[in-house]
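Beneath this line is the structure, given in C-alpha cells, with notes to follow.
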DNA sequence: GTCAACATGATGGATGAA
DNA sequence: TTCATCCATCATGTTGAC
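Take a look at the structure:
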C-alpha cells in the first residue's frame with residue numbers, strides 16, 4: 001500500500017488545508033473529490049463518508065485516517081516490517097539508496113549523504129552509500145550495528161547463498177534476486193545483480209507510468225499557458241490598470257497576512273480547491289517583478305493570491321518578496337531570539353560615526369553585488385571636503401550612494417560596504433555559512449543575494465511544526481544556499497529526507513557542508529537541474545521517501561529584478577522561465593502522490 | 001582562465017503637486 | 001484625476017590584474 005503523507009502523530013484537520021471543502025457545498029461528488037485531492041484513496045473516502053455523513057468534514061477525515069491506520073497496520077503485518085506502522089517511516093534501504101541511483105543519471109547526482117536514518121528495514125542495519133553508486137561490498141559490525149559498506153567497485157563476491165541473503169536483507173525481493181542470479185549467471189558480481197534488478201523494476205514502472213502520466217501533465221501545462229495568454233489579452237483590451245479587475249497590487253505596508261509585530265492582519269483565507277495539499281508548497285520571487293508576472297504566477301499556482309512581505313519587518317534590511325503558498329496562516333510564530341531590526345542594533349559600533357543627516361534605520365535590499373573601494377573613497381573625499389555639515393548637494397550624493405550600495409559609517413567621514421558575514425547575519429544564516437570551501441568573496445555575495453531571508457520564511461513555515469513533529473520530507477527546488485532548510489532546522493523541524501535541486505555546485509557544497517556541520521539525521525539528495533527532473537525520476541524519488549510533505553523554492557529572478565537593465569524579460573526570460581518547471585514539478589508530484597494513495 | 005572592480009539604466013510603484 | 005518626479009531594484013557586461 002502506498003504511503004500516506006500525514007504523520008499520524010499529528011492528524012491534520014480540514015482547516016489546515018483551508019475551508020475550501022466546506023465552502024464547496026455538500027455535494028457528495030465534490031466532497032469525495034476533495035478528500036481524493038488530499039491524497040486519500042477513493043474507496044476509503046467513500047466508506048468514511050457513508051459512515052460519518054456529509055456534514056462534518058473533520059469527522060470524515062478522522063474516519064479516513066482511522067481506516068488508513070488499520071490498513072497500514074495490516075499491510076505492515078503482512079510485510080513483517082518492523083518499526084513504525086506508517087510506511088512513510090518504513091522506507092527500505094534499497095529505496096533510499098539503490099533506487100535513487102537507478103533512476104537518476106550519474107551526472108545529475110552530486111552526492112548522496114547517507115546517514116543512519118532509522119528507517120531501515122531492520123533497526124540494526126545502516127546503509128552507507130556514497131557517491132552515486134550502489135555496489136554492495138561487505139558488512140562490518142560497529143557498535144552492534146550492521147554497516148553495509150557500499151563502494152564504487154565491488155569487492156570479492158561472497159558465495160551465492162550469501163549474496164542472496166545479503167541482497168534480500170537490503171530489501172530486494174528474493175524472487176527478484178533469484179531471477180537476477182539466474183539471468184546473469186554464476187559469475188555475475190553484486191553490481192551486475194543490483195543493476196539487473198533495478199533495471200527490471202524501472203522497466204516495469206516505465207511501462208505503466210509513462211503511458212498514463214505524461215499526456216496528462218503535458219495537457220495541463222498547455223491549458224494553463226493558453227488560459228494565461230487569454231487573460232493577458234483580456235487585460236490588454238481593457239486598457240488602463242484601473243479598469244483591469246484581476247490585477248495584483250502590492251500592499252502598503254507590505255506585511256502579507258501579518259508579521260510578528262503586526263499579527264493577524266488576515267485571520268483566515270479560502271484556498272481554491274485545486275490548491276489544497278498535500279503536499280504543501282511554497283513559492284517565492286521578487287515582489288517588484290515586471291508587469292503581469294505575478295498575475296501569471298498566481299494563475300499557474302491555482303489562483304492563489306500572493307502574500308507580499310517586506311523582510312524589513314523581520315530584520316535590518318528590506319527584501320520585498322512575494323510568496324505563493326497553501327500553508328495555514330494561523331498560529332505563526334517567529335524564530336527566537338528576534339534578530340536585530342535596525343542598522344544600529346545590528347552594528348552598534350557604527351552609531352559613533354553615523355552623521356545625523358543620514359536618517360537610514362534599515363538597509364535596502366541586499367543584492368548580489370556590492371560597492372567598490374573606489375566608491376567608498378569618493379564618498380570619503382566628498383564628505384571630508386565639507387567638514388561636519390556638508391551642503392545639500394553633497395548630502396544628496398552621499399545618501400544616494402549609501403542607499404544604493406548599503407554603505408555603513410565605520411569611521412569619521414568613512415563609509416564601507418557590508419562584509420559577507422554581516423550579510424549572512426542579516427539574512428538569518430549561521431555565521432560563516434558561505435565562507436571557505438573555495439568560494440570567493442564575489443561568489444559569497446552572489447549566493448547570499450539570491451537567497452531567502454531566513455526569519456521571514458521561517459515565520460511562514462512555523463505552522464508546520466505542529467503538523468510534522470516527527471519531521472518532514474522536503475523537495476527543495478532552486479535551493480541556493482539552503483535558506484529553506486536552514487529555516488526548518490531553526491524551527492527544530494526534523495529533516496527526514498531532503499531532495500535538493502540546485503544548479504550551482506558552489507551552492508550545493510555550502511549546503512552539504514551545513515548539513516554535515518549541523519549533524520542532520522536525515523538523508524540529503526542533491527540534484528543539479530530542475531529541467532531534468534522528469535515524471536519518472538519524481539516517481540522514483542516519491543517511492544523512495546514515501547511522498548513529499550513540502551515543495552519549496554524560489555525560481556530565478558534575474559529576468560524580473562529591477563536591477564537587471566539588460567535582460568529584464570520577465571517570466572519569459574531565459575532564467576526566470578524556470579518558474580514553469582516549478583509548476584510542472586509541483587503538478588507532477590501532486591498527480592503521482594494522488595495515484596499512489 | 002579566474003577573480004574583482006567598475007560602469008552601466010530601464011522599469012514600475014509611490015508620492016505629491018497641479 | 002493626471003502628471004511629473006522620486007526611488008528602489010535576489011543584475012549584467014567589460015576590463016584589467018594576476
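Residue numbers (our numbering): 1 to 597.
Yeah, the Cβ is synthetic: ideal placement off N, Cα and C, and Gly gets one too.
- Following the DSSP letters along the chain, one finds residue 297 inside the alpha helix (DSSP H) bounded by residues 293 to 300.
- Following the DSSP letters along the chain, one finds residue 323 inside the beta strand (DSSP E) bounded by residues 320 to 325.
- Scanning 382, 358, 427, 226 for the CA closest to the CA of residue 403 turns up 358.
- Selection 256, 394, 280, 551 evaluated against residue 456 yields 256 as nearest (Cα-Cα).
- Residue 47 and residue 41 have their C-alpha atoms roughly 10 Å apart.
- Contact annotation: the region 257 to 276 does not touch the region 527 to 546, with fewer than three C-beta pairs closer than 8 Å.
- In this structure, residue 414 lies near residue 353, with their beta-carbon atoms less than 8 Å apart.
- Partner residues in the beta bridge of residue 550, as assigned by DSSP, are 280, 474.
- The region 303 to 316 makes no contact with the region 431 to 441; the number of CB pairs closer than 8 Å stays below 3.
- Shown here, residue 480 sits in coil according to DSSP, grouped into three states, outside any helix or strand.
- Collapsing the DSSP output to three states places residue 524 in a strand.
- Of the residues 564, 522, 583, 436, the one whose Cα lies closest to the Cα of residue 420 is 436.
- For residue 409, the enclosing beta strand (DSSP E) stretches over residues 408 to 411.
- Residue 488 and residue 462 have their C-alpha atoms spaced approximately 8 Å apart.
- Between the C-alpha atoms of residue 588 and residue 547 there is a straight-line separation of about 12 Å.
- For residue 278, the closest alpha carbon among the candidates 321, 325, 226, 247 is that of 325.
- Judged by DSSP secondary structure, residue 310 falls within the beta strand (DSSP E) whose first and last residues are 307 to 310.
- Ranked by how close their Cα comes to the Cα of residue 544, the residues 454, 331, 524, 552 have 524 in first place.
- Secondary structure note for residue 464: its alpha helix (DSSP H) is the uninterrupted segment 464 to 467.
- Straight-line spacing of the CA atoms in residue 275 and residue 251 works out to 23 Å.
- Annotation: residue 386 to residue 578 spans about 50 Å, alpha carbon to alpha carbon.
- Ranked by Cα distance from residue 365, the first of 372, 335, 317, 49 is 317.
- C-alpha of residue 44 to C-alpha of residue 280: approximately 22 Å in a straight line.
- Residue range 414 to 416 is occupied by the beta strand (DSSP E) that includes residue 416.
- For residue 498, the enclosing beta strand (DSSP E) stretches over residues 495 to 501.
- The region 497 to 514 and the region 479 to 486 touch, with no fewer than 3 CB-CB distances between them shorter than 8 Å.
- Cβ atoms of residue 452 and residue 483 come within 8 Å of each other, at about 3 Å.
- Of the candidates 303, 188, 527, 253, the residue whose Cα lies closest to the Cα of residue 312 is 253.
- Going by beta carbons, residue 286 and residue 321 fall inside the 8 Å limit.
- Excluding residues up to 5 positions away in sequence, 433, 434, 437, 439, 447, 481, 482 lie with their Cβ nearer than 8 Å to the Cβ of residue 510 in the same chain.
- Nearest to residue 333 by alpha-carbon distance, out of 425, 464, 534, 567, is 464.
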